[in-house]
Amino acid sequence: MPLQSHESGKKPVVIGPVMVCAKKNRETYQSLFQKMTNACPELRNTLKAYGSDGESALIRALDLEFPFAFGFLCLPHIVRNIEHKIKSDLHLSDSFYRTVAKDFFLLQEVGIEEDMFDNNCPESMNASLKTWIENQRKDVSQVINDIQGFVMKQHHDIGKVFTEMSGPYVLKDEYNNAKMPPNFWALSPSKTKAAS
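Residues in the sequence shown are numbered consecutively from 322, following my numbering.
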């Protein structure tokens with residue numbers, strides 16, 4: 322993405338497909354992925370990887386709809402799974418867990434596992450969305466309206482970048498040629514073509 326945060330310099334996280342559902346089962350999740358592959362059929366065979374929190378129904382749905390993609394767990398969920406396996410399933414001691422965890426994180430510190438998937442972006446999006454809807458329980462129709470407002474705000478913030486209006490994002494230096502005059506978006510399509 323040619324954008325970066327005005328403050329941190331990091332790429333922005335923008336919301337992707339959203340589905341509000343009452344059940345956390347394979348069928349429900351799969352219906353979202355089927356809608357995605359119906360809209361973009363090549364996605365089914367070209368998606369290379371996805372990250373998840375380890376929810377089995379979600380992973381089963383992803384495996385069915387994206388058979389050629391590799392599934393990854395984010396680092397915090399890998400750690401949780403290791404801890405659960407050692408303490409609950411194998412009934413080994415806390416000191417054994419600490420030893421395994423120490424070895425695991427030591428490998429990460431020296432760079433052997435540095436490319437592991439981290440869930441900062443999805444969790445950041447979840448936090449932003451929760452803040453937007455004010456962390457309140459709401460009627461489904463209100464949640465949908467709030468999400469729509471959130472998406473519109475993101476589009477508006479991104480649009481500001483290209484017209485040099487003040488906002489949370491800026492163009493990376495190598496994309497400065499994409500900037501348009503501030504009134505570009507207000508022009509009719511024929512005038513827009515002439516202005517570019």
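Here a beta-carbon is modelled for each residue, glycine too, at the ideal position from N, C-alpha and C. Since the structure is predicted, the reported quantities are computational estimates derived from the model, not experimental observations.
Nearest-angstrom Cα separation, counted from residue j out to residue i
{"i": "Ile454", "j": "His327", "result": "24 Å"}
{"i": "His477", "j": "Leu492", "result": "14 Å"}
{"i": "Met340", "j": "Gly392", "result": "20 Å"}
{"i": "Lys344", "j": "Val335", "result": "25 Å"}
{"i": "Gly480", "j": "Ser487", "result": "10 Å"}
{"i": "Cys342", "j": "Leu368", "result": "24 Å"}
{"i": "Ile407", "j": "Ser414", "result": "8 Å"}
{"i": "Ala448", "j": "Gln475", "result": "15 Å"}
{"i": "Lys331", "j": "Asp494", "result": "13 Å"}
{"i": "Ser409", "j": "Ile403", "result": "10 Å"}
{"i": "Glu376", "j": "Ala499", "result": "41 Å"}
Beta-carbon proximity of residue i to residue j, cut-off 7 Å
{"i": "Arg347", "j": "Ala378", "result": "yes"}
{"i": "Asp374", "j": "His398", "result": "yes"}
{"i": "Pro388", "j": "Tyr496", "result": "no"}
{"i": "Thr484", "j": "Met501", "result": "yes"}
{"i": "Pro362", "j": "Tyr490", "result": "no"}
{"i": "Ala390", "j": "Ala360", "result": "no"}
{"i": "Glu386", "j": "Thr420", "result": "no"}
Cutoff 6 Å; reference residue i; Cβ partners in own chain excluding five residues on either side
{"i": "Asp467", "result": "Ile454"}
Sequence-distant residues of its chain with Cβ nearer than 7 Å to residue i (five each side left out)
{"i": "Val464", "result": "Val341, Ile454"}
{"i": "Val482", "result": "Leu324, Gly488, Tyr490, Val491, Leu492"}
{"i": "Phe471", "result": "Ile336, Leu450, Trp453"}
{"i": "Thr349", "result": "Cys342"}
{"i": "Arg365", "result": "Thr358, Glu386, Phe387"}
{"i": "Phe417", "result": "Ile407"}
{"i": "Asn504", "result": "none"}
Close Cβ partners of residue i (< 8 Å) along its chain, the five nearest in sequence each way excluded
{"i": "Val461", "result": "Val341"}
Q. Do three or more CB pairs link the stretch 349-362 to the stretch 375-389 at distances below 8 Å?
A. A contact exists between the stretch 349-362 and the stretch 375-389.
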